[in-house]
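Peer 1:
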Amino acid sequence: MEKIFRGPWTVPFGECSLRLDPLNLVFLAAIVVLVLSSAIYGTGYLRPYRGKKPLGIHAFFYLVFMAAEKPAVRQAGFIYLIASHCATFFLFLMFFLMAHAAGSMDFDVMARTDFPQAVAALAFLLALAGFGVKAGFLPTHIWLPYAHPAAPAHISALLSGIAIKMGIYGICRVLWIVKTLPGWCGYTLLALGIVSGLMGVLYALGQHELKRLLAYHSIENIGIIAVGLGVGLLGRSHQVPFLAVLGFGGALLHVVNHALFKGLLFLGAGSVIHRTHSGEMDHLGGLAKTMPWTAGFFLAGALSICGLPLFNGFVSEFLIYFGLFTGLRELPPEGVVACSLGILSLALMGALALACFSKVYGIVFLGKPRTDIKTDGTPEGTPFSMLLPMAILAALCLWIGLVPQSVTGLIFGGGTYLAHTDAFAVRLGTVLGPLATVVRMALLFLALILGLVLLRRLFLGTKPLPVRETWSCGFVAVSSRIQYTSASFARMIVELMKNILLFRRRGGQVTGVFPGKAHMKSSVHDASEEMIFRPGLALSNEISKKLGHSRIRYTQLYLMYILLFLVFLLIWKLK
Amino acid sequence: MTPWIDVICILAVFLSLTLLATHRIVGMIKIFAVQSFFLGLVPLFLHGGIIAGRDLAVSLVTMVLKAGLVPAVLFWELRHISMRSEVRPILGLGASILCGAVLIAVAFWISLAMKLPGKLESSLVLPCSLATILLGFMTMVTRTRAVTQVLGYMVIENGIFLFALSLFDTMPVPIEMGILLDIFVAVFVMAIVLNHINEEFERTRSTGRRPRWGES
Chain E
1 MEKIFRGPWT VPFGECSLRL DPLNLVFLAA IVVLVLSSAI YGTGYLRPYR GKKPLGIHAF
61 FYLVFMAAEK PAVRQAGFIY LIASHCATFF LFLMFFLMAH AAGSMDFDVM ARTDFPQAVA
121 ALAFLLALAG FGVKAGFLPT HIWLPYAHPA APAHISALLS GIAIKMGIYG ICRVLWIVKT
181 LPGWCGYTLL ALGIVSGLMG VLYALGQHEL KRLLAYHSIE NIGIIAVGLG VGLLGRSHQV
241 PFLAVLGFGG ALLHVVNHAL FKGLLFLGAG SVIHRTHSGE MDHLGGLAKT MPWTAGFFLA
301 GALSICGLPL FNGFVSEFLI YFGLFTGLRE LPPEGVVACS LGILSLALMG ALALACFSKV
361 YGIVFLGKPR TDIKTDGTPE GTPFSMLLPM AILAALCLWI GLVPQSVTGL IFGGGTYLAH
421 TDAFAVRLGT VLGPLATVVR MALLFLALIL GLVLLRRLFL GTKPLPVRET WSCGFVAVSS
481 RIQYTSASFA RMIVELMKNI LLFRRRGGQV TGVFPGKAHM KSSVHDASEE MIFRPGLALS
541 NEISKKLGHS RIRYTQLYLM YILLFLVFLL IWKLK
Chain B
1001 MTPWIDVICI LAVFLSLTLL ATHRIVGMIK IFAVQSFFLG LVPLFLHGGI IAGRDLAVSL
1061 VTMVLKAGLV PAVLFWELRH ISMRSEVRPI LGLGASILCG AVLIAVAFWI SLAMKLPGKL
1121 ESSLVLPCSL ATILLGFMTM VTRTRAVTQV LGYMVIENGI FLFALSLFDT MPVPIEMGIL
1181 LDIFVAVFVM AIVLNHINEE FERTRSTGRR PRWGES
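If you read the sequences in order, they're chains E and B. Each step along the first sequence adds one to the number in my numbering, with nothing skipped, and position 296 is 296. Each step along the second sequence adds one to the number in my numbering, with nothing skipped, and position 122 is 1122.
#1: Drop a sphere of 10 angstroms on the beta-carbon of E:F445, count the other beta-carbons inside from all chains shown, and report buried for 16 or more, exposed for fewer.
#2: With a threshold of 6 Å on Cβ separation, who are the neighbours of E:G193 within its own chain once the five nearest residues in sequence on each side are excluded?
#3: Secondary structure at E:C306, three-state DSSP: helix, strand or coil?
#4: From B:L1041, B:L1116, B:H1023, B:I1031, pick the residue whose C-alpha is nearest to that of B:D1006; which is it?
#5: Thinking E:Q405 and E:L432 are a contact (beta carbons under 8 Å), I'd like their distance in whole angstroms, please.
#6: If contacts are defined as beta-carbon pairs under 8 Å, then E:Y203 and E:F298 qualify, I think. What distance do you get, rounded to the angstrom?
#7: Starting from E:R506 and walking both ways along the beta strand (DSSP E), at which residues does that stretch end?
#8: Below 8 Å between beta carbons: does that hold for B:V1155 and B:S1016?
#9: Does the beta-carbon of E:K359 have 16 or more other beta-carbons within 10 angstroms, so that it is buried, or is it exposed?
#10: Spatial neighbours of B:K1066 within its chain, please: C-beta separation below 6 Å, excluding the five flanking residues on both sides.
#11: I think E:L186 touches E:A419, with their Cβ atoms under 8 Å apart; what is that distance to the nearest whole Å?
#12: Measuring straight from C-alpha to C-alpha, what distance separates E:P116 and E:M110?
#13: How long is the line joining the alpha carbons of E:P145 and E:V524, rounded to whole angstroms?
#14: On the CB-based measure, 16 or more other CB atoms within 10 Å of its CB, does B:C1099 come out buried or exposed?
#15: For E:L563, which residues in chain B fall below 9 Å Cβ to Cβ?
#16: Nearest to E:V32 by CA position, among E:L496, E:E220, E:R112, E:V256, is which residue?
#17: CB-CB under 6 Å to E:A87, same chain, minus the five flanking residues each way: which ones, in chain order?
#18: So, is B:I1029 buried or exposed, given that buried needs 16 or more other C-beta atoms within 10 angstroms?
#19: Measure how close the beta-carbons of B:V1185 and B:E1077 come, nearest whole angstrom, since I'm counting them as under 8 Å.
#20: Cβ of E:H274 within 8 Å of Cβ of E:T430?
#21: Can you tell me whether B:L1135 is buried or exposed? The criterion is at least 16 other CB atoms within 10 Å of its CB, across all chains shown.
#22: For the stretch 30 to 45 of chain E against the stretch 145 to 157 of chain E, do three or more pairs of beta-carbon atoms, one drawn from each stretch, fall closer than 8 Å, so that the two count as touching?
#23: By DSSP's criteria, E:F5 is part of a beta bridge. Which residues make up the other side?
#24: Check whether the Cβ of E:I571 lies closer than 8 Å to any Cβ atom in chain B.
#25: Which chain E residues sit within Cβ distance under 9 Å of B:M1110?
#26: B:L1011 and B:T1139: beta carbons closer than 8 Å?
#27: What would DSSP say about B:K1234, mapped onto helix, strand or coil?
#28: How about E:V73 and E:A150: are their beta carbons less than 8 Å apart?
#29: Thinking C-beta only, is E:M386 closer than 8 Å to E:S271?
#30: Pick helix, strand or coil for E:I543, following the three-state DSSP scheme.
#31: Can we say the stretch 250 to 264 of chain E touches the stretch 175 to 182 of chain E, given the rule of at least three CB pairs closer than 8 Å?
#32: Between E:T511, E:V513, E:K521, which has its C-alpha nearest E:F503's C-alpha?
#33: How is E:K179 classed by DSSP in three states: helix, strand or coil?
#34: Grouping DSSP H, G and I as helix and E and B as strand, with all else coil, what is E:F211?
#35: Which chain B residues sit within Cβ distance under 7 Å of E:M560?
#36: Cβ of B:V1106 less than 8 Å from any chain E Cβ?
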């Protein structure tokens, strides 16, 4: 199942050889779909910018750095630059280490090499550090919530759907190359996935900006993927091929799924921003009435990302759950503990994601508009070229959710490839059977609800129904300001978790019977940013300042250092 | 004629040390001129007292350029930018001499370990040339005026000149002449630049500090 293309020319330090195998097939599938959709979407999204600047050879840079005059965007670019350089540093170390052990830079040669345990462990850790930064694992994810919202919507979709997956791809490739990983690697990956997933979704819950919230959800989904990879690795190191294939397969399917639904959500958010010129959830509201198509597609994406049946997110999470439950049966005690923790946290992630997207959908699309949204008066306001890609992605989400059998070949191909086994095909039915049952039951449930709705229609017949304001609740003077805000919706959960979330709240105390005007501001801060990176930055600033004091203010001191160095060199070389 | 070369070498180091301890710019230029004059004599004693045409040429050109023209240019500069003395030496007399003594010791110590391709006229040439280079460097370190930096630089060049003379047979005359010419042009350019700086800023201090009231 491998196709290798070897170029007739040699590039320095290697040769040009391209390879298509079951692993990169999965990633390529995700890339092709999402890039095509984003490209179509871009033609509509960027229409307002057309004609303002020439779109020539530098179009790409122009699009990516379109908003470079905003300081926040520049800062995002800067943070990403630093993060990606640090990551690359670790990757260099890792590849040199592996190439040194294998005697070649060729992945095929490396894959045939039996790495010593120490080298394998070190390569694994370096891969986690290097690709982990790119993928956005906690605590090195801090570039992600800055970088993703800064780009135009369809570029955000690509960044979230594809770019961070390249980190996952890198980790997968290393897992494939290094077969002799020590046992603790699987647990490490599992723990990293649990922490990233939980913290990602909790941070997402505390966000008030649409795209930033979606960016934090990417961290959550990367966490889910890491849990899957961890399960697969546990299966591989304990020689349970079924478990390995389930874990890796689930992770790979989630890669594809996340590309689809996160792309869809970012495109939906882009449509909202395109229409209203605001991504602040507390400025929006009631968009389902004015943008019905976008609302529908966004809902499809939200249901997918929450892992609800009938949509694709459910399928991949089901596979990972199935793997974890299999692990309970087949792994030694420490594996059982890890798997049960994985099940619990995966369930918690799902529930929190559901809460988060109830918040997003409720605040942005339901209720009444919170501010005067300037629209051009058209009913939908979103051009067809923007609706079409969303429709395609939503259809794909639904398709994978309804007919999961159609992707099993692709996914389990990748899974068996990563698991270095071929013993899976026999027991495929044990997974697909329950999956099909759940899908059928969900369909039944849906049919039940539809039936009830129809019944209601039938009984009410032609009786006129009074139409009321959404949040009126019997009040007379209804104001759009009495609606839930994004902060108040999430407040209960966020305050529950405030010990780990750095939840800050200022003001909001009202006293007396007729209180005057009061202001309240709440925000959730990133713990790893506030506790690790900012203090680190402050420390390095402090050190540089100290060095700056002893820094040479006279040219003469520079000269003196040169003189001392010269003397030192002479003495050193001539001794 | 090794004793004469030895004397000149010792003189060169002594004059460098004096230059390091001198704070008056006029005095420094004069010392530099004297040092250059004595160094200009070295080629005449090189080949056992037999003065060849090319030795004479090197000697003459060196003396004219370094003992004559360069000091003249520097004096011309001084007149134009009207300052006579070093305002604020970084190191005092005692400290300068102490540092200089340490550097001379270091130079002698280093030269013990140094191996040269050819045979030297005098065993003092190598340590003295190194000491002159280091002392010139030290002069640049301890002075804040641009002109004194130039002087330190010139002293370094004198040290290199002495070093080159010790390898005279292996060094073609045209190269030595070329270096001399380069140095002269460099000093000339520096003079012009200093003049321009002076016109622009009315000060030629190379430290970052602004002059206080009453300071030049």
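Think of the CB as a built atom: it goes at the ideal place given N, C-alpha and C, for glycine as much as any other residue. Computed from a predicted model, the values in this text were never measured in an experiment.
Peer 2: Taking the geometry as given:
#1: exposed
#2: G223, A226, V227, G230
#3: coil
#4: B:L1041
#5: 6 Å
#6: Not quite, the Cβ-Cβ distance comes to about 21 Å (not below 8 Å), so this is no contact.
#7: 503 to 507
#8: yes
#9: buried
#10: S1036
#11: According to the sequence shown, residue 186 of chain E is Gly rather than Leu. 12 Å between Cβ atoms; not a contact.
#12: 12 Å
#13: 13 Å
#14: buried
#15: L1103, L1134, F1137, M1138, M1140, V1141
#16: E:V256
#17: G130, V133, K134
#18: buried
#19: The Cβ separation is near 15 Å, so there is no contact.
#20: no
#21: buried
#22: yes
#23: E:L18
#24: yes
#25: Residue identity differs from the one stated: residue 1110 of chain B is Ile in this sequence, not Met. Those are V567, L570, I571, L574, listed as they occur along chain E.
#26: no
#27: Outside the modelled stretch of chain B, which goes from 1001 to 1216, sits residue 1234 of chain B, for which no answer is possible.
#28: yes
#29: yes
#30: helix
#31: no
#32: E:K521
#33: coil
#34: At residue 211 of chain E the sequence reads Lys, which differs from the Phe that was named. In the structure shown, E:K211 sits in a helix (DSSP, three-state: H, G or I).
#35: V1141
#36: yes
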